[in-house]
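Single-structure report; data block below.
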Amino acid sequence: MTELDTRIDLYTKAAEETASGVIRLYSTSFGLASKLLDPVTRRHIENIYSLVRLADEIVDGVAEEAGVSKKEAGTMLDQLEADTERAMQTGYSTNLIVHAFAHSARTVGIDDSLTAPFFASMRADLSKKAHTHKSFERYVYGSAEVVGLMCLKAFVQGVSYSSAEHEQMITGARALGAAFQKVNFLRDLAVDFEALGRSYFPGVTPDSMDEATKNRLLDDIDRDLAESARALPLLPARSRKAVALAQALFDELGKRLRKTPASVLLIRRVSVPNLRKTWLAGRVLSGWLPGAEHRGEER
Numbered sequence: 001m002t003e004l005d006t007r008i009d010l011y012t013k014a015a016e017e018t019a020s021g022v023i024r025l026y027s028t029s030f031g032l033a034s035k036l037l038d039p040v041t042r043r044h045i046e047n048i049y050s051l052v053r054l055a056d057e058i059v060d061g062v063a064e065e066a067g068v069s070k071k072e073a074g075t076m077l078d079q080l081e082a083d084t085e086r087a088m089q090t091g092y093s094t095n096l097i098v099h100a101f102a103h104s105a106r107t108v109g110i111d112d113s114l115t116a117p118f119f120a121s122m123r124a125d126l127s128k129k130a131h132t133h134k135s136f137e138r139y140v141y142g143s144a145e146v147v148g149l150m151c152l153k154a155f156v157q158g159v160s161y162s163s164a165e166h167e168q169m170i171t172g173a174r175a176l177g178a179a180f181q182k183v184n185f186l187r188d189l190a191v192d193f194e195a196l197g198r199s200y201f202p203g204v205t206p207d208s209m210d211e212a213t214k215n216r217l218l219d220d221i222d223r224d225l226a227e228s229a230r231a232l233p234l235l236p237a238r239s240r241k242a243v244a245l246a247q248a249l250f251d252e253l254g255k256r257l258r259k260t261p262a263s264v265l266l267i268r269r270v271s272v273p274n275l276r277k278t279w280l281a282g283r284v285l286s287g288w289l290p291g292a293e294h295r296g297e298e299r
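Read in my numbering, the sequence shown has 90 at position 90, and its numbers run on one by one without any break.
Now the structure itself:
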């Protein structure tokens, strides 16, 4: 190993340690699920998550609290995308999060066919306040489904599948990403509308949210989760339990949203208690996969 290789390896290790801290601080659910991955795959997922979170904070969080204008935030997002594209080509960035992501992207085969739609959806958050059905589908694809596809590339790296199996896993990854996003939209409806002035679900606002609307949205989420569940058994053992736990956690959240009156959703953010998360993790570790009824298996 040359001196240059050693320095790159050290830099990449520092970048990945930085990325690892992001998922631990920002998401208890994904952080818990990622612990069930093998170390190599876990690194890739942490690297992917950290870039997604970094972009999201530009359009929703830290940048706004720091007094950054929408125009400035747009410039920052453009610069982040350009840096990401350059790093995927060269294998290096001065931004540790971007460098970590690029390392994983180059390793597992992520390219701008996935990152470009992601950044387009992030950019939409800076200007779009309400969605049509078409723009909603486009937004969910870019903000969530492509993230599922990025993760899938890490999950199956080095494993061969038939074309039919691969297509089923692609469908499942997109469906799971969509379900995650829609669940978050539903439980954050009031906050998105009041604090950010956004309404993601077409035609749905806090004023129009009733039981029928809530259940219609949850029925759609359940269909996504059922589609994802059918692909779970195809995943390699090294990643299957982690994805199963992530699915189980959001399935549980969906059930709690279903039991919560629509009026209450507008004043209280529903979550899964840590004790329940631990119980679900124990079930998954014992070999249970959520969605058995959708795969024709016994409960």
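Ideal Cβ placement from N, Cα and C applies to all residues, glycine included. Computed from a prediction, not measured in an experiment: that's the story for all the values here.
- For Y139, the enclosing alpha helix (DSSP H) covers residues H133 to V140.
- Put simply, the backbone Cα of L266 is about 45 Å away from that of V159.
- With distances taken between CA atoms, A19 lies nearest to L54 out of S127, L54, L36 and W279.
- Looking at the backbone, the Cα of L253 and that of V272 are separated by about 6 Å.
- According to the DSSP assignment, T260 belongs to no alpha helix (DSSP H), since it is labelled neither H nor E.
- In the three-state reduction of the DSSP assignment, S29 falls in the helix class, which pools H, G and I.
- The Cβ atoms of S263 and Q247 do not sit closer than 7 Å to each other.
- DSSP, read as helix, strand or coil, puts A164 in helix.
- A direct Cα-Cα distance of roughly 7 Å separates L257 from V270.
- In the three-state DSSP reduction, A226 falls in the helix class (H, G or I).
- The alpha carbon of T260 has as its nearest neighbour, out of M209, A281 and L234, the alpha carbon of M209.
- The residues I58, V59, A63, E64 and L126, in chain order, have a CB closer than 8 Å to that of A73 in the same chain once the five nearest residues on each side in sequence are set aside.
- Residue environment: N47 is assigned as buried (16 or more neighbouring CB atoms within 10 Å of its CB, all protein chains considered).
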